[in-house]
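Since the structure comes first, as structure tokens, the remarks are kept for the end.
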Amino acid sequence: NAGVMQNPRHLVRRRGQEARLRCSPMKGHSHVYWYRQLPEEGLKFMVYLQKENIIDESGMPKERFSAEFPKEGPSILRIQQVVRGDSAAYFCASSPVGTTSTDTQYFGPGTRLTVL
Amino acid sequence: GNSVTQMEGPVTLSEEAFLTINCTYTATGYPSLFWYVQYPGEGLQLLLKATKADDKGSNKGFEATYRKETTSFHLEKGSVQVSDSAVYFCALSDYGGSQGNLIFGKGTKLSVKP
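Each protein sequence line maps, in turn, to chains A and B. For my numbering, add 382 to where a residue sits in the first sequence, where the first one is 1. For my numbering, add 388 to where a residue sits in the second sequence, where the first one is 1.
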């Protein structure tokens, strides 16, 4: 059973460009979470999605950031007009149910975004 | 609000030493508690978890007991190995407070010397 897949693993963008990060959850998992890890920091929750639904986006910056999880295909985290402060590791996690606190979230290897 | 506080690192130990990494939490509901480990350049791996008070999670020689009275979930290992060198994150999931998303501590970096 393949784990959570994320691509690309490393992404370099210049200021003002767009960044698209992809996440394929584990097989059988229909709940996806995105987290951001700044250098020397813990992970911070950004958004929680089910297929075609955003359940909780309380951790998403109000501007430039968006996320989707379409019926078919991976979840996408999109950052428009990137700035240097967006440089971080972005981790995706998935779980089979997602609405109980006992569920384990399984993490992907992360995408390391560098903004020049 | 919900939060996790874990001891600051880095922690440097010699091989076969005893390890404790402290973690305390604040939560509005009845959280589940987790320890995740992150090896250099990799994502997070679940190390162990406990879902209710007095539960003990254990894996690979690591243990942590969910203590409601002290709101703690300290990570312990009796004899560490060089391969345990990593960053360890304590986390909680509180359905009542946060729809199940994880709240992480800042992480504790462990270095084990031969």
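Note that beta-carbon positions come from the ideal geometry of N, C-alpha and C, so glycine has one too.
Sequence-distant residues of the same chain with beta carbon closer than 6 angstroms to residue i, five excluded per side
i: A/Y430; result: Y415, I437 and D438
i: A/F447; result: I461
i: B/Y413; result: V392, T459 and L480
i: B/L432; result: Y424 and Q426
i: B/K501; result: S402
i: A/R396; result: L498
i: B/F422; result: K437 and A479
Where residue i sits in the DSSP three-state scheme
i: B/G484; result: Any reading at B/G484 must be qualified, since the residue scores a pLDDT of 49, below 50, and its modelled position is unreliable; the value itself is stated next. Note: B/G484 maps to helix in three-state DSSP.
i: A/G424; result: coil
i: B/T393; result: strand
i: B/V500; result: strand
i: A/V394; result: strand
i: B/V468; result: coil
i: B/G493; result: coil
i: B/F406; result: coil
i: A/R446; result: coil
Spatial neighbours of residue i in its chain, beta-carbon cut-off 8 angstroms, leaving aside the 5 residues before and after
i: A/Q432; result: S412, H413, V414, F451 and G480
i: A/T486; result: S477
7 angstroms CB neighbourhood of residue i in its chain, flanking five on each side removed
i: B/F492; result: V392, F477 and A479
i: B/V470; result: E403, V500 and P502
Nearest-angstrom beta carbon gap, residue j and residue i [assumed within contact, 8 angstroms]
i: B/F450; j: B/K437; result: So it is not a contact: roughly 11 angstroms between Cβ atoms.
i: B/K494; j: A/E400; result: About 30 angstroms separates the two Cβ atoms, so there is no contact after all.
Bridge partners - residue i, DSSP secondary structure assignment
i: A/L431; result: A/V414 and A/I436
i: B/E451; result: B/S446 and B/E464
Backbone CA spacing between residue i and residue j [nearest angstrom]
i: B/K444; j: B/Y418; result: 16 angstroms
i: A/E445; j: B/L407; result: 43 angstroms
i: A/G490; j: A/V464; result: 22 angstroms
i: B/T416; j: B/E457; result: 14 angstroms
i: B/S446; j: B/T439; result: 13 angstroms
i: B/A452; j: A/F427; result: 24 angstroms
i: B/T496; j: A/G398; result: 34 angstroms
i: B/L490; j: B/F461; result: 15 angstroms
i: B/S473; j: B/L463; result: 14 angstroms
i: A/P421; j: A/G467; result: 11 angstroms
i: B/E430; j: B/R455; result: 30 angstroms
i: B/G397; j: A/E454; result: 42 angstroms
i: A/Y417; j: B/K448; result: 26 angstroms
i: A/A470; j: A/L425; result: 10 angstroms
i: A/Y488; j: A/S406; result: 12 angstroms
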